[in-house]
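Asker: Position in the sequence shown (from 1) plus 141 gives the number in the working numbering. C-beta atoms are modelled at their ideal positions from N, C-alpha and C, and glycine is treated no differently. Everything numeric in this text was worked out from a predicted model, so none of it was measured. Here's a structure for you.
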Amino acid sequence: LDDIEIVFTTLNTDTNKYLNPIDQHYEQLKCKLYSVKKHEDIYILINKYLQSTNASTHQQYKMDIEHVFKVERENNNKIFKDVGNKMLLWYR
């Protein structure tokens with residue numbers, strides 16, 4: 142319930158009319174977005190997953206990555222430092 146309250150409060154907070162609303166939400170959640178470049182290891186890994194997990198019934202097209210973003214939330218590096226497993230979030 143705490144998370145729901147945070148989101149509700151964030152969405153109802155006064156906004157900066159000069160900043161994109163989505164950027165405002167990330168800022169209010171103390172998150173930063175970084176564009177991942179094509180030569181970075183994580184981009185290469187994601188592309189490898191994308192190209193190698195296509196089912197044989199879907200060979201009539203090829204998928205390409207448009208953008209990859211890394212999200213960093215304030216203090217998450219400290220909180221999750223000792224957690225060994227990581228997950229990739231896919232959004233289309």
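#1: Express the C-alpha separation of residue 206 and residue 159 in angstroms, rounding to a whole number.
#2: Where do the ends of the beta strand (DSSP E) carrying residue 170 lie?
#3: Report yes if the C-beta distance between residue 175 and residue 211 is below 7 Å; otherwise report no.
#4: Below 8 Å on the Cβ atoms is my contact criterion, and I expect residue 209 with residue 185 to pass it. Report the Cβ-Cβ distance as a whole number of Å.
#5: DSSP beta-bridge partners for residue 176?
#6: Which of the three DSSP states is assigned to residue 190 in this structure?
#7: If you draw a straight line from the C-alpha of residue 197 to the C-alpha of residue 189, how long is it?
#8: Just to check my reading of the structure: residue 173 and residue 213 have Cβ atoms closer than 8 Å, yes? What is that Cβ distance to the nearest angstrom?
Answerer: Concretely, from the data shown:
#1: Computed Cα separation, rounded: 30 Å.
#2: From DSSP, residue 170 is part of no beta strand (DSSP E); its letter is neither H nor E.
#3: It is a contact, given that the beta carbons lie within the stated cut-off.
#4: Taking a contact as a CB-CB distance under 8 Å, the pair residue 209 and residue 185 does not count as one, their CB atoms being some 10 Å apart.
#5: Residue 176 is bridged to 210.
#6: In the structure shown, residue 190 sits in a helix (DSSP, three-state: H, G or I).
#7: Computed Cα separation, rounded: 16 Å.
#8: Contact between residue 173 and residue 213 holds, since their C-beta atoms are separated by about 5 Å, short of 8 Å.
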